[in-house]
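> Here it is: the structure, laid out below.
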Amino acid sequence: MKKNKEQRKTRTYIGGQAVLEGVMMRGKTAMATAVRDPRGKIQVESERLTPPEKRSAFLRFPLVRGVASFVSSLVIGNKVLLRSAAVAEEEDDTPSKAEKWLAEKHKINVSGILNAISTILGIVLAIALFVALPQAVTRRTKLDPHAHGGIWFNLAEGGIRIAIFVLYLAAISLIPSLKRVFMYHGAEHKTITAYEKGLDLTVENVRGCSRVHDRCGTTFLFLVMVVSILVFSLANSIVGGWIYTGNSKLDYLIRFFLKLLLLPLVAGISFEILRALAKTESKFFLIFKAPGLLLQRLTTREPEDGMIECAIEAFSRVKAMDEDPALPETSFAVAGEMSKLLAATKKRFSRAGIDEEEAEWIFALSLGIPKSAVNGEERLLKSEQVRDILNVADERLTGRPLWYIIGNTDFYGYELNVDERVLIPRPETEGLARLALSCAEEGGKVLDLCTGSGAIAIAVKKEGDKKGLNLQVTACDISEDALEVAKSNAEKCKADIKFVQSDLFSRIRGRFSLIVSNPPYIPSAVIPTLQREVKDHEPHLALDGGADGLDFYRRIAEQAGKYIEKGGSLLMEVGIDEAQAVVKMFKYCDYSMILKDDFGMDRYVKIVF
């Protein structure tokens with residue numbers, strides 16, 4: 037009894053489906069498909085699902101939930117099969133002229149059309165094989181479809197239907213490509229069984245488990261065959277006398293459409309039976325499970341180790357996403373329409389609290405197109421292009437800032453290298469550079485204090501040269517790492533700047549007509565509350581302004597007068613609500629003023645000596 041209780045504790049709602057060269061697993065709140073591509077790499081596509089408790093109460097009602105589950109599995113199953121085929125059979129993914137024309141000129145989603153067509157064809161084939169054919173064969177017997185409520189007729193038809201089903205499974209199992217699908221089916225079952233046994237999900241542990249499982253779709257389909265006999269017989273007994281006309285051809289059609297109408301009920305009852313049987317380990321119910329378990333011997337095969345790896349990857353991803361709602365969705369790197377991939381990327385970013393505009397930047401930078409063209413044009417992307425985009429998007433979802441991932445950013449029209457050694461220049465700092473240029477005089481000496489990436493120094497020097505100001509620019513920073521980045525940017529932009537490693541003014545010599553600074557101004561206690569992109573990735577040395585955020589301004593106020601020429605100016609960027617306090621620190625100056633940024637915030641302080 038204790039053992040049974042422990043096994044029940046490891047029961048899972050996660051179920052799956054074999055696909056081309058992979059496995060799809062589906063849990064309560066997420067779904068993941070793991071497929072091995074031609075390069076041997078396992079690609080995983082995952083997406084969030086509506087949790088059961090948030091679905092319509094009607095769709096959770098017994099019988100109805102079985103129909104909903106069946107329809108959902110049919111649609112999703114066809115979708116993931118097509119998606120897996122795109123990964124598994126990836127070769128020359130150059131779109132045809134027709135595909136490009138449909139996608140770019142008429143915004144027609146070719147893959148969506150194929151999914152719809154395959155779903156419809158699958159339904160038509162199933163109805164033809166398992167409804168129309170058994171009825172047609174039984175009609176040729178001497179059995180009276182109306183005698184004894186049609187029970188013998190329906191039993192014979194049901195037996196023929198089951199025989200066709202078994203022969204169908206046996207036939208398709210001989211197809212080499214489908215044999216591999218059946219092997220992946222075995223890997224899916226083994227993985228779920230291993231988890232329910234409480235085993236670690238390793239290839240060795242999974243390989244030793246059974247390849248048959250109580251909740252398999254094969255068992256469900258067999259139950260549908262059996263339940264249909266009872267439901268169709270009962271329906272004939274109840275309504276047969278009212279609806280049949282005595283005309284054999286017309287009655288044949290009436291019987292056919294009656295079965296189609298009753299299929300949702302059959303699916304609902306079968307689902308509830310499967311659900312109940314899966315919850316019990318009683319040997320008494322083994323007789324009801326046995327036929328479905330035996331049929332699974334046809335639809336599963338012993339998998340290779342690589343197939344087990346795919347199943348483990350899909351199961352682990354779904355389990356992790358069910359447990360952690362913050363985990364992002366992922367996509368396959370396969371050729372497809374840009375608009376579709378963009379929409380999916382924006383959705384992933386939105387759920388992670390990332391500005392959707394960053395998705396547009398990723399596409400623009402990865403494809404080398406203007407950002408305005410990302411939303412305005414349709415393109416068919418090759419798998420290599422998709423892979424590049426997804427690599428950047430996936431890394432962005434870890435919290436790493438986009439411009440660190442790209443490796444550069446734009447500041448004042450200049451492309452600057454940035455990484456975790458320096459802060460990413462903000463738009464408000466461009467405002468500080470504009471102010472510095474407006475204060476700079478011809479032949480003036482300029483000091484960029486706390487230069488970081490060198491953004492202000494480079495903008496002032498380059499723009500000053502355009503105006504013929506011939507400025508002498510010095511830039512300093514306490515961080516040797518930051519200075520390495522700044523020097524590389526100056527070289528990249530061909531800006532003649534003198535760099536000094538210095539803790540504020542400690543190693544600065546001489547006086548300057550203009551000192552400009554964007555020092556650290558975030559209060560120490562506030563840093564842990566900042567966005568993860570800032571607190572986890574940008575250098576705290578360039579952020580931390582002490583207990584109240586004003587430590588560096590106090591030091592600058594004490595020393596700046598010794599390094600500024602008479603009539604010279606000191607320009608500083610300040611944090612929110614810090615401007616008044618900073619101005620009060622400068623008691624010995626000609627005058628001071630507070631200037632606003634483009635958003636109307638008190639952002640800059642100007643001190644004239």
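Residue numbers for the sequence shown follow the working numbering, so the first one is 37 and each next one is one higher. In this text, a Cβ means the ideal position worked out from N, Cα and C, and glycines have one as well.
#1: Starting from the Cα of Arg462, find the closest Cα among Val260, Asp613, Ala104 and Glu609 and give me that residue.
#2: Ser628 bridges to which residues according to DSSP?
#3: What does a CB cutoff of less than 8 angstroms around Ala271 pick up in its chain, not counting 5 residues either side in sequence?
#4: Could you give the residue range of the beta strand (DSSP E) that holds Ile78?
#5: What did DSSP end up calling Thr510 once you bin it into helix, strand or coil?
#6: Check this for me: beta carbons of Leu334 and Lys325, under 8 angstroms apart or not?
#7: Kindly list the residues whose CB is nearer than 7 angstroms to the CB of Ala168, restricted to its own chain and excluding five residues on each side of it in sequence; keep chain order.
#8: According to DSSP, what are the bridge partners of Ser542?
#9: With burial defined as no fewer than 16 other Cβ atoms inside 10 Å of the residue's Cβ, what is the status of Glu413: buried or exposed?
#10: Work out the CA separation of Ile344 and Val242 for me, nearest whole Å.
#11: Which value, in whole angstroms, describes the spacing of the CA atoms of Leu416 and Ala511?
#12: What whole-angstrom Cβ distance do Val521 and Ser489 have, given they're in contact under 8 angstroms?
#13: Flag this pair as yes or no: are the beta carbons of Ser553 and Gly582 separated by less than 8 angstroms?
#14: Restricting to Cα atoms, I'd like to know which of Pro361, Ile492, Phe548 and Ser82 is closest to Ala526.
#15: State the start and end residues of the unbroken alpha helix (DSSP H) segment that holds Ala368.
#16: Have a look at Ser14 and Ser367 and give me their C-alpha separation to the nearest angstrom.
#17: May I ask you to verify whether the stretch 603-623 touches the stretch 587-594, counting CB pairs closer than 8 angstroms and requiring at least 3?
#18: Label Ser264 either buried or exposed according to how many other C-beta atoms from any shown protein chain fall within 10 Å of its C-beta, with 16 as the threshold for buried.
#19: State whether the stretch 106-118 contacts the stretch 371-385, with contact taken as three or more CB pairs (one from each stretch) at a distance under 8 angstroms.
#20: Closest by CA to Met61, which one among Tyr220, Tyr288 and Pro98?
#21: Quick one, which of Asp446, Asp455 and Arg457 has its alpha-carbon nearest Thr465's?
#22: What does the Cβ neighbour count give for Trp137, buried or exposed, with the cut at 16 atoms within 10 Å?
#23: Specify the secondary structure class of Gly636 as computed by DSSP and reduced to three states.
#24: Using only the alpha-carbon positions, how far apart do Tyr440 and His573 sit?
#25: To the nearest angstrom, how far is it from the Cα of Val262 to the Cα of Phe256?
#26: According to DSSP, is Glu478 helix, strand or coil?
#27: Assign Val454 to one of three DSSP states: helix, strand, or coil.
#28: Is it true that the CB of Ala54 sits closer than 8 angstroms to the CB of Glu317?
#29: Which term fits Arg35, buried or exposed, when burial requires 16 or more other beta carbons within 10 angstroms of its beta carbon?
#30: Check this for me: beta carbons of Val354 and Gly63, under 8 angstroms apart or not?
#31: Could you check which residue in Leu550, Thr565, Lys642 and Leu631 has the C-alpha nearest to that of Gly604?
#32: Between Phe351, Glu340 and Val123, which has its C-alpha nearest Asp73's C-alpha?
#33: Count the other CB atoms, across all protein chains shown, that sit within 10 Å of the CB of Lys215; report buried if there are 16 or more and exposed otherwise.
#34: For Tyr450, does the count of other Cβ atoms within 10 angstroms reach 16, so buried, or fall short, so exposed?
#35: Roughly how many angstroms separate the alpha carbons of Val239 and Tyr231, rounded to a whole number?
#36: For Leu235, which residues in the same chain have their Cβ closer than 7 angstroms to its Cβ, ignoring the five residues on either side in sequence?
Taking the structure as given:
#1: That would be Glu609, whose Cα lies nearest to the Cα of Arg462.
#2: Residue pairing of Ser628 in beta bridges, as defined by DSSP: Ile643.
#3: Closer than 8 angstroms at Cβ, skipping near neighbours: Leu294 and Leu298.
#4: For Ile78, the uninterrupted beta strand (DSSP E) segment begins and ends at Ile78 to Arg84.
#5: Correct three-state label for Thr510: strand.
#6: Against a cut-off of 8 angstroms, the Cβ pair of Lys325 and Leu334 comes out as no contact.
#7: Same-chain partners within the cutoff: Phe292.
#8: In the DSSP output, where bridge partners are listed per residue, Ser542 has none listed.
#9: Answer is exposed; the Cβ neighbour count stays below 16.
#10: One C-alpha to the other measures close to 7 angstroms.
#11: Cα-Cα distance, rounded: 46 angstroms.
#12: The C-beta distance from Val521 to Ser489 rounds to 5 angstroms, short enough to fall under 8 angstroms.
#13: Against a cut-off of 8 angstroms, the Cβ pair of Gly582 and Ser553 comes out as no contact.
#14: If we check each option's Cα against that of Ala526, Ile492 comes out closest.
#15: Per the sequence shown, residue 368 should be read as Phe rather than Ala. Looking at the DSSP string, Phe368 is not in any alpha helix (DSSP H), and its letter there is neither H nor E.
#16: Residue 14 is absent from the model: the chain starts at 37 and stops at 645.
#17: Proximity of the stretch 603-623 to the stretch 587-594 meets the contact definition, three or more beta-carbon pairs being nearer than 8 angstroms.
#18: By the 10 Å Cβ count, Ser264 comes out buried.
#19: As far as the Cβ criterion goes, the stretch 106-118 does not touch the stretch 371-385, which means the pair count is below three.
#20: Considering only alpha carbons, the answer is Tyr220.
#21: In terms of Cα proximity to Thr465, the closest of Asp446, Asp455 and Arg457 is Asp446.
#22: Residue confidence is low: Trp137 scores 48 on pLDDT, short of 50, so the model does not pin down where it sits. Its coordinate-derived value is still stated next. Exposed is the call here.
#23: Of the three classes helix, strand and coil, the one that applies to Gly636 here is coil, per DSSP.
#24: If you take the alpha carbons of Tyr440 and His573, they lie about 9 angstroms apart.
#25: Each residue's Cα considered, the two are about 10 angstroms apart.
#26: The DSSP-derived three-state label of Glu478 is coil.
#27: Coil at Val454, not helix or strand.
#28: No, the pair does not count as a contact, with Cβ atoms beyond the cut-off.
#29: One cannot answer for residue 35 here, as it falls past the ends of the chain, which runs 37 to 645.
#30: Remark: C-beta atoms of Val354 and Gly63 approach each other more closely than 8 angstroms.
#31: Among Leu550, Thr565, Lys642 and Leu631, the Cα nearest to that of Gly604 belongs to Leu550.
#32: Looking at Phe351, Glu340 and Val123, the one whose alpha-carbon comes closest to that of Asp73 is Val123.
#33: Burial is judged here by how many other beta carbons sit within 10 angstroms of a residue's own beta carbon; Lys215 has fewer than 16 and is exposed.
#34: For Tyr450, the number of other beta carbons within 10 angstroms of its own is at least 16, and it is reported as buried.
#35: Roughly 12 angstroms between the two C-alpha positions.
#36: Counting only Cβ-Cβ distances below 7 angstroms, and skipping sequence neighbours, we find Asn241.
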